[in-house]
Amino acid sequence: MTSTISRYDDHADWYVDYTREWGSAATDFLPEPLVGQRILDLGCGWGQLSRVLADRGARVTGVDLSERLLGRARELEAERPAGIEYRHGDATRADWWDGVGFDGAVCNMALMDMDDLAGALSSVATVLEPGGWFVFTLFHPCFPGRPGDGATLSSWPPEGGYATEGWWSTEQTGVRGHVGANHRMLSTYLNAVLAAGLEFVRFTELGDDIPQRLVVHTRRPA
Ligand SMILES: C[S@@+](CC[C@H](N)C(=O)[O-])C[C@H]1O[C@@H](n2cnc3c(N)ncnc32)[C@H](O)[C@@H]1O
167 MTSTISRYDD HADWYVDYTR EWGSAATDFL PEPLVGQRIL DLGCGWGQLS RVLADRGARV
227 TGVDLSERLL GRARELEAER PAGIEYRHGD ATRADWWDGV GFDGAVCNMA LMDMDDLAGA
287 LSSVATVLEP GGWFVFTLFH PCFPGRPGDG ATLSSWPPEG GYATEGWWST EQTGVRGHVG
347 ANHRMLSTYL NAVLAAGLEF VRFTELGDDI PQRLVVHTRR PA
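My numbering applies: residue 167 is where the sequence shown begins, and numbers increase by one.
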């Protein structure tokens, strides 16, 4: 199934205000040096991570399904030009791609928003140069949502189970109460990466007692 539902358009202004100070989980896990590298920010939102990449010297293309969020990203680019190119496109297809390969790609906290995981990973494998890297971050999929949680850390509904995959909403006040998220088992993510022909490089689990974020570093075989 191809996801073309832009769940963020109706919440774009709220989302920008809500996440303005968050920073991006992937920021500390980007392969360096980035200077001169052509990097794709897939599901770039309002460009928060795109701007970090550009600040580090990368030539950045941001792709997102939400016209409203891209509008906010382009406003920032107009205010403080960083040389970022933003394209409206569906990450689960590669029809927005101009045929020039990327040295690296990042998808920060957005694969959970994409209903077609195989399509998204296939796009990445298509647009990367051989040997190109791909880093993605997720809610750590192995830990349950917490009743009463403000909704940003939950992986699956408290009343559900780990093996119950699919889209769900916390129905609370955070991002995942506004736009929901797809829960997938860890094996689903790992097998989808392999099926796309990518190789694993490294895993990092972030959080204190209970990991809240999973960072996965992969690459296209050289
Ligand atoms: C949680 S936001 C993360 C945004 C950004 N990566 C960040 O870390 O600030 C998820 C983003 O994925 C985008 N998205 C969801 N489905 C998409 C798709 N099929 N193609 C491209 N972008 C998509 C949404 O529009 C939204 O901007």
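Ideal Cβ positions, reconstructed from N, Cα and C, are used throughout, including at glycine.
Residue range of the beta strand (DSSP E) that includes residue i
| i | result |
| --- | --- |
| residue 271 | 268-274 |
| residue 349 | 347-349 |
| residue 207 | 204-208 |
| residue 370 | 365-372 |
| residue 386 | Counting along the chain, residue 386 falls outside any beta strand (DSSP E), and DSSP gives it neither H nor E. |
| residue 228 | 225-230 |
beta-carbon residue i near ligand 1 non-hydrogen atom, thresh 7 Å
| i | result |
| --- | --- |
| residue 211 | yes |
| residue 276 | yes |
| residue 257 | yes |
| residue 381 | no |
| residue 185 | yes |
| residue 341 | yes |
| residue 335 | no |
| residue 179 | no |
| residue 230 | yes |
| residue 394 | The structure shown does not extend to residue 394, since the chain is modelled only from 167 through 388, so no value can be given for it. |
| residue 190 | yes |
First through last residue of the alpha helix (DSSP H) which encompasses residue i
| i | result |
| --- | --- |
| residue 393 | The displayed coordinates of the chain run from 167 to 388. Any statement about residue 393 would go beyond what the structure contains. |
| residue 342 | 341-344 |
| residue 201 | Note, residue 201: premise wrong, no alpha helix (DSSP H); not H, not E. |
| residue 180 | 178-185 |
| residue 292 | 283-293 |
| residue 255 | Where residue 255 is concerned, there is no enclosing alpha helix (DSSP H), given that its DSSP letter is neither H nor E. |
| residue 332 | Per DSSP, residue 332 belongs to no alpha helix (DSSP H); it is in the beta strand (DSSP E), 332-334. |
Buried versus exposed call for residue i [16 or more other C-beta atoms within 10 Å across all chains shown]
| i | result |
| --- | --- |
| residue 366 | exposed |
| residue 168 | Residue placement at residue 168 is poorly supported in this model, since its pLDDT is 41, which falls under 50; the coordinates still yield a value, given next. Exposed, since its Cβ has fewer than 16 Cβ neighbours within 10 Å. |
| residue 224 | buried |
| residue 170 | exposed |
| residue 317 | At residue 317 the pLDDT is 44, less than 50, meaning the model places this residue with poor confidence; the figure from the coordinates comes in the next sentence. By the neighbour-count rule (16 or more Cβ atoms within 10 Å), residue 317 is buried. |
| residue 186 | exposed |
Residue j beta carbon less than 8 Å from that of residue i
| i | j | result |
| --- | --- | --- |
| residue 321 | residue 231 | no |
| residue 296 | residue 377 | no |
| residue 380 | residue 303 | yes |
| residue 363 | residue 291 | yes |
| residue 287 | residue 268 | no |
| residue 332 | residue 306 | no |
| residue 174 | residue 213 | no |
Chain D contact for residue i (CB, 8 Å cutoff)
| i | result |
| --- | --- |
| residue 385 | Annotation note: the requested chain D is absent from the structure, which comprises a single protein chain. |
Nonlocal neighbours in the same chain, by C-beta distance under 8 Å from residue i, ignoring five residues either side
| i | result |
| --- | --- |
| residue 215 | 190, 192, 193, 207, 272 and 274 |
| residue 254 | 229, 230, 231, 233, 236 and 262 |
| residue 384 | 299, 300, 301, 302, 359, 364, 365, 366 and 367 |
| residue 222 | 196, 198, 199, 200 and 201 |
Same chain, Cβ closer than 6 Å to residue i, five either side skipped, listed in chain order
| i | result |
| --- | --- |
| residue 245 | none |
| residue 283 | 358 |
| residue 227 | 206 and 251 |
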